[in-house]
Each structure stands twice: as structure tokens, then as C-alpha cells.
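Protein chains in written order, with our numbering: chain A, 12 to 125; chain F, 12 to 125. Ideal placement from N, C-alpha and C gives every residue a C-beta, glycine not left out. Structure first, then comments.
2 protein chains.
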Amino acid sequence: MKESRVEYLTCPIRQVVAKFCDKWSLLVLYSLHASDTGVMRFTELHKHMDDCSQKMLSSTLKNLEKHNLISRKVYPVVPPKVEYSLTDNGKSLMPYIMGLIVWAKEHFEDVAVH
Amino acid sequence: MKESRVEYLTCPIRQVVAKFCDKWSLLVLYSLHASDTGVMRFTELHKHMDDCSQKMLSSTLKNLEKHNLISRKVYPVVPPKVEYSLTDNGKSLMPYIMGLIVWAKEHFEDVAVH
DNA sequence: AGCAAATCTAACAAAAAAGTAAGTATAATA
DNA sequence: TATTATACTTACTTTTTTGTTAGATTTGCT
Numbered sequence: 012m013k014e015s016r017v018e019y020l021t022c023p024i025r026q027v028v029a030k031f032c033d034k035w036s037l038l039v040l041y042s043l044h045a046s047d048t049g050v051m052r053f054t055e056l057h058k059h060m061d062d063c064s065q066k067m068l069s070s071t072l073k074n075l076e077k078h079n080l081i082s083r084k085v086y087p088v089v090p091p092k093v094e095y096s097l098t099d100n101g102k103s104l105m106p107y108i109m110g111l112i113v114w115a116k117e118h119f120e121d122v123a124v125h
Numbered sequence: 012m013k014e015s016r017v018e019y020l021t022c023p024i025r026q027v028v029a030k031f032c033d034k035w036s037l038l039v040l041y042s043l044h045a046s047d048t049g050v051m052r053f054t055e056l057h058k059h060m061d062d063c064s065q066k067m068l069s070s071t072l073k074n075l076e077k078h079n080l081i082s083r084k085v086y087p088v089v090p091p092k093v094e095y096s097l098t099d100n101g102k103s104l105m106p107y108i109m110g111l112i113v114w115a116k117e118h119f120e121d122v123a124v125h
């Protein structure tokens, strides 16, 4: 599917699919949403989804940042420290994501988060 | 990601991703939900998403049927007639999908359905 | 006889996504 | 001096997804 097509640019469903309908984005969003402080570092996120490679986590984070769903704060220290958190835009999406998750818990058997 | 992993089988997010987080499933679900009769034929669906190949539409429909979100009714006539509609399970999911779509309309610019 | 209709399936090719392993940077610490 | 810590990136391979084209089916119409 060409992302330049009119359908793509004008269809909210296709936008949703392009922005966070993939293997790892929902897990990242959920992890940030569920964390105490609302802030998580790369390694911490990785521990929450250890079947995701560093590479994939990295590119997922980039994509979410690009679409303004999460923000990335870099501390200029060694070793590096980078914190991720939901943007206001991302926060506004979470009720709907949580709706899906709750629906899934009710409709699939033997299901738990993480 | 191996679908046999424990995370996969016990995590509602991963289940959601596996069942309908792909390029075409949301469009199919939405089309069926939005149609007057709640029933659509293959060619009719295809007209609603003409940037999806027959092959992809066919496999998307199969996948949704396998996960009990849509049902498929075949009429033994020539030329063939097959009707698709949401199952009760699929219907119960739609409020959450619609939530996402409405969110997208509010948060992206110049966005319309189809 | 030949073609149209509807819903696919099959075979093959191309493109995209994902996996894996190794490497980078650099200050602090042992 | 060697190691550790963190957050990646790069190169390469493999797997998965998607695209493309052609064909199957079979009744009825021209």
C-alpha cells in the first residue's frame, strides 16, 4: 500500500494502522501508561518486553516519537540516560487502547498482561 | 516473535495485535459495522477498499473468521454468493474500534473515512 | 459456441519486516 | 589496565508479507 495515496492520507483507520498498529507499539504505550512515574528508560522498557529485540524496540520508539505519541528526553551523561514518556497526545489515546485491552481480557481465555 | 511463547498466549495486547492489528482488518470490521444491512459480499467489500488486492482481502477475511470476529455464509449458487457479517464477538469489539477512529478524526488533520 | 458473473486459489516475484550478532562511545570503577 | 554501564547503530541474513498474474468454477445469456 502506498502511503502517498489519498486513502492513506484521509482515512483515520489507515492512520491508526500506520501510527501504532504494529507488534510492539501497543506494548510500549501500555508500559508507559502503567508505570508509576510515567517515565521509563530504554532498558527498563526492554525488560518489560524481552521478546522484542533492541533494534525493534529502538525503531518502535522512534516511530512513536515521530507520530507525537511519546517523547524522548536525553540526559547528557555517561553512560547515557534517556527517558521516554507519553505526550499529551499519547495520553489522550490511552483510554481507547485500554478499552481494547479490557475487551481482550474479557473475550479471550487465560489472558494476562505481560 | 514466536506465537507459541507464553507472552503471546497470555497477553491481551499481543492477542489484539495478532487478531486484528493489521493493514486491512480494521477496514473490514468498520465496513461491515457501517453497512446498512450489516451484511456484505466479497466484491462489495472490495469496492470499499480497492487498494487492497483480492488476495489480501481474502486472507484478511479468513483470519477474521478464524478469530471469530466475522462470519461467512455461502449460498450454493452460480455465480457464487458469499455474505460476510460481524459475529456477536465482533460486534462487542466495535465500540472500542470506533473509539479509536473517533480519536483519530479528532487528532489528525484532514481525515475522513474512506 | 463463447462469454460474463462472483469468489476465490495458486504460483511466482518483489518488497518489507524482523532476527542476530557485533560494534560504538566514554566516564567511572575495580 | 580492563571492565562495566546504557542506549543505541550497523551490517547482514532470514522470514514474512504483499503484489501480480493467471486460472478454476459453472450456470445462464447472447
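Terminal residues of the alpha helix (DSSP H) in which residue i lies
| i | result |
| --- | --- |
| K34 of chain A | From DSSP, K34 of chain A is part of no alpha helix (DSSP H); its letter is neither H nor E. |
| Q70 of chain F | What sits at residue 70 of chain F in the sequence shown is Ser, not Gln. Per DSSP, S70 of chain F belongs to the alpha helix (DSSP H) from Q65 to K77. |
Other residues of its chain near residue i: CB distance less than 7 Å, five sequence neighbours each side excluded
| i | result |
| --- | --- |
| E117 of chain F | none |
Cβ shell of residue i (< 6 Å), same chain only, five flanking positions each side left out
| i | result |
| --- | --- |
| K30 of chain A | H78 |
| L68 of chain A | H57 |
| E76 of chain F | R83 |
| Y86 of chain F | K92 |
Contact test: residue i Cβ vs the ligand COA heavy atom, cutoff 7 Å
| i | result |
| --- | --- |
| V85 of chain F | The ligand COA is absent from the structure shown, which contains no ligands of any kind. |
Proximity of residue i and residue j at Cβ, strictly below 8 Å
| i | j | result |
| --- | --- | --- |
| Y95 of chain F | L72 of chain F | yes |
| T98 of chain A | I81 of chain A | yes |
| E59 of chain F | Q65 of chain F | Before going further, note that residue 59 of chain F is His rather than Glu in the sequence given. Taking 8 Å as the Cβ cut-off, H59 of chain F and Q65 of chain F do not qualify as a contacting pair. |
| F119 of chain F | P106 of chain A | no |
| A115 of chain F | V27 of chain A | yes |
| V93 of chain A | K84 of chain A | yes |
| S46 of chain F | N74 of chain F | no |
| C32 of chain F | C32 of chain A | yes |
Limits of the beta strand (DSSP E) - the one that residue i falls within
| i | result |
| --- | --- |
| M51 of chain A | V50 to R52 |
| S96 of chain F | K92 to L97 |
| V88 of chain A | Per DSSP, V88 of chain A belongs to no beta strand (DSSP E) and is neither H nor E. |
Residues of its chain near residue i, where Cβ-Cβ distance is below 8 Å and the 5 sequence neighbours each way are ignored
| i | result |
| --- | --- |
| R52 of chain A | K92, V93, E94 and Y95 |
| G49 of chain A | L43, S96 and L97 |
Using a Cβ-Cβ cutoff of 7 Å, what residues of the segment 50-79 of chain A are near chain F? List them in chain order. D62
Which residues of the segment 27-52 of chain A have a Cβ closer than 8 Å to any Cβ of chain F? Give them in chain order. V27, V28, C32, D33, K34, L37, L38 and Y41
Taking only beta carbons into account, state which residues of the segment 92-106 of chain F come closer than 9 Å to chain A, listed in chain order. N100, S103, L104 and P106
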